[in-house]
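Written out below as structure tokens is the structure these notes cover.
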Amino acid sequence: MRVDSTLFTISWVGEQATGARALQQERELNRFLADVERRALRIAEIAVRDRDEALDLVQDAMIRLARNYGRRDSDEWAPLFYRILQNGIRDWHRRQAVRRRVLVWFGRGQGDDDDYDAVAAAPDPNGRAPDEVLQNREAMRDLEAALRGLPARQREAFMLRTFECLDVAGTATAMGCSEGSVKTHYSRAVHALRGQLEAHGPDLVRPME
Amino acid sequence: MNDMTDKDEKLGKRARSLFDASVDGLDAATLSSLNRSRRRAIAELGRPGAAWMRWVPAAGMATAMLVAVMLIVPGPGQQEQALPTSVTDMEILLGDEEFEMLEELEFYTWMDLAEDNDDVT
Numbered sequence: 076m077r078v079d080s081t082l083f084t085i086s087w088v089g090e091q092a093t094g095a096r097a098l099q100q101e102r103e104l105n106r107f108l109a110d111v112e113r114r115a116l117r118i119a120e121i122a123v124r125d126r127d128e129a130l131d132l133v134q135d136a137m138i139r140l141a142r143n144y145g146r147r148d149s150d151e152w153a154p155l156f157y158r159i160l161q162n163g164i165r166d167w168h169r170r171q172a173v174r175r176r177v178l179v180w181f182g183r184g185q186g187d188d189d190d191y192d193a194v195a196a197a198p199d200p201n202g203r204a205p206d207e208v209l210q211n212r213e214a215m216r217d218l219e220a221a222l223r224g225l226p227a228r229q230r231e232a233f234m235l236r237t238f239e240c241l242d243v244a245g246t247a248t249a250m251g252c253s254e255g256s257v258k259t260h261y262s263r264a265v266h267a268l269r270g271q272l273e274a275h276g277p278d279l280v281r282p283m284e
Numbered sequence: 019m020n021d022m023t024d025k026d027e028k029l030g031k032r033a034r035s036l037f038d039a040s041v042d043g044l045d046a047a048t049l050s051s052l053n054r055s056r057r058r059a060i061a062e063l064g065r066p067g068a069a070w071m072r073w074v075p076a077a078g079m080a081t082a083m084l085v086a087v088m089l090i091v092p093g094p095g096q097q098e099q100a101l102p103t104s105v106t107d108m109e110i111l112l113g114d115e116e117f118e119m120l121e122e123l124e125f126y127t128w129m130d131l132a133e134d135n136d137d138v139t
């Protein structure tokens, strides 16, 4: 009788501990996603040039992370999340290319999406004077255009290192390549961006006060 | 391999500042969408894919094969044209996330037929 009671107590304590751990993990994942979601959205938006598509990609990455890696150590989440997101972005570009080819074949080629207005799509920075807001928007528009002109791998390396502040190892995991490749892609991206943005004037390369 | 110059570092800082400003300025509707997405993801924590999802690739393949036949066999009055599909294209067409695209294909096919019959006003 006493043995049964002891076993029940151990089992009950075990269940409580498991439940508490699950709840803790849920909270940690919620905190992590809340921390990265807005930056992830902007990174995806720069890559696909469409807010709604970017929202879909981020949601998909969140769900896949939670479903497949949610029980992993939280230190692993950032590179895994960005790896899923970057894969989603690459798949999106491939699907767009096929979609265009198929629709052209049907005689219904989509018009070029050059009417995308990066300035209109860019959100208003808070708490700044209108002149500064405008200046920042224009600078961000130039930066986005320059980023889109980079090879995809260089763009990924730059955005993950600069915008998301992932370290070289984390960026390598997110990009699915070696740390040496990350350094090469990042270095080339920075040099290419400097070359392009200096040609646009000093606004982008001068540091912000 | 640290050949970053001061100018490179300044560019990185400035780019980060601009990016952060654009993140801080996201509108309420977008933040709300992100919030909903996050809640949906949290609900999926550790949950394996639904059982019916196992049938999605098969259903996708069946639909894609139907489309492939539509592409290969010219319709009435259509001239034979070069196929736009390659192996890579077919991989994508066979993917399980292309139902929307395939639905659009049906729509465009309908549009072609409707225009031929002058049914579109």
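For the record, the sequence lines run as chains S and Y.
Quick note on numbering: our numbering labels position 27 of the first sequence as 102, and the sequence is numbered without any gaps.
Quick note on numbering: our numbering labels position 100 of the second sequence as 118, and the sequence is numbered without any gaps.
Positions of the beta carbon are idealized from the N, C-alpha and C atoms, including for glycine.
Proximity test, Cβ basis, 8 Å: residue i and chain Y
| i | result |
| --- | --- |
| Phe238/S | yes |
| Gly108/S | Reading off the sequence shown, one finds Leu at residue 108/S, where the question assumed Gly. Yes, Leu108/S lies at the interface with chain Y (some Cβ there is under 8 Å from its Cβ). |
| Leu98/S | no |
| Met250/S | no |
| Glu53/S | Absent from the model: residue 53/S. The displayed extent of chain S is 76 to 284, so no value can be given. |
| Val257/S | no |
| Glu112/S | yes |
| Ala116/S | Checking the displayed sequence, the identity of residue 116/S turns out to be Leu instead of Ala. Cβ-Cβ to chain Y under 8 Å: yes for Leu116/S. |
| Asn105/S | yes |
| Glu101/S | yes |
| Arg269/S | yes |
| Pro200/S | Residue placement at Pro200/S cannot be trusted, given a pLDDT of 47 that sits under 50; what the coordinates show is reported in the next sentence. Cβ-Cβ to chain Y under 8 Å: yes for Pro200/S. |
| Leu218/S | yes |
| Thr246/S | no |
Closest Cα partner of residue i within the set the options
| i | options | result |
| --- | --- | --- |
| Ala244/S | Arg158/S, Asp131/S, Met215/S | Arg158/S |
| Asp38/Y | Val111/S, Ala141/S, Ser256/S | Val111/S |
| Ala221/S | Gln100/S, Arg269/S, Thr248/S | Arg269/S |
| Trp167/S | Arg263/S, Arg124/S, Val179/S | Arg124/S |
| Asn143/S | Thr81/Y, Ala59/Y, Met83/Y | Ala59/Y |
| Gln161/S | Glu231/S, Glu239/S, Glu273/S | Glu231/S |
| Arg223/S | Ile118/S, Asn105/S, Leu108/S | Ile118/S |
| Met250/S | Phe233/S, Asn105/S, His266/S | Phe233/S |
| Glu62/Y | Ile121/S, Ala141/S, Leu104/S | Ala141/S |
| Asp150/S | Ala264/S, Val265/S, Glu103/S | Glu103/S |
| Gly255/S | Ala267/S, His266/S, Asp242/S | Asp242/S |
| His260/S | Ala247/S, Asp131/S, Leu272/S | Ala247/S |
| Leu44/Y | Phe107/S, Leu116/S, Leu98/S | Leu116/S |
| Ala227/S | Arg216/S, Arg263/S, Val208/S | Arg263/S |
| Asn53/Y | Glu128/S, Gln171/S, Gln134/S | Gln134/S |
| Arg32/Y | Ser253/S, Asp217/S, Leu225/S | Asp217/S |
| Gly163/S | Gly145/S, Arg147/S, Val173/S, Arg139/S | Arg139/S |
| Leu108/S | Leu272/S, Pro154/S, Arg176/S | Pro154/S |
| Phe238/S | Glu273/S, Arg106/S, Arg114/S | Arg114/S |
| Arg147/S | Val177/S, Val179/S, Glu128/S, Glu101/S | Glu101/S |
Proximity test, Cβ basis, 8 Å: residue i and chain S
| i | result |
| --- | --- |
| Phe37/Y | yes |
| Asp24/Y | no |
| Ala80/Y | no |
| Arg34/Y | yes |
| Leu29/Y | yes |
Q: Report the residues of the region 120 to 150 of chain S with a CB closer than 8 Å to any CB of chain Y, ordered along the chain.
A: Arg126, Leu130, Val133, Gln134, Met137, Ile138, Leu140, Ala141, Arg142, Gly145, Arg146
Q | Against chain S: residues of the region 44 to 68 of chain Y by CB proximity under 9 Å | A | Leu44, Asp45, Thr48, Leu49, Ser51, Leu52, Asn53, Arg54, Ser55, Arg56, Arg57, Arg58, Ala59, Ile60, Ala61, Glu62, Leu63, Gly64, Arg65, Pro66, Gly67
Q) Going along the chain, which unbroken runs of the alpha helix (DSSP H) with 4 or more residues stay wholly within the region 28 to 59 of chain Y? A) none
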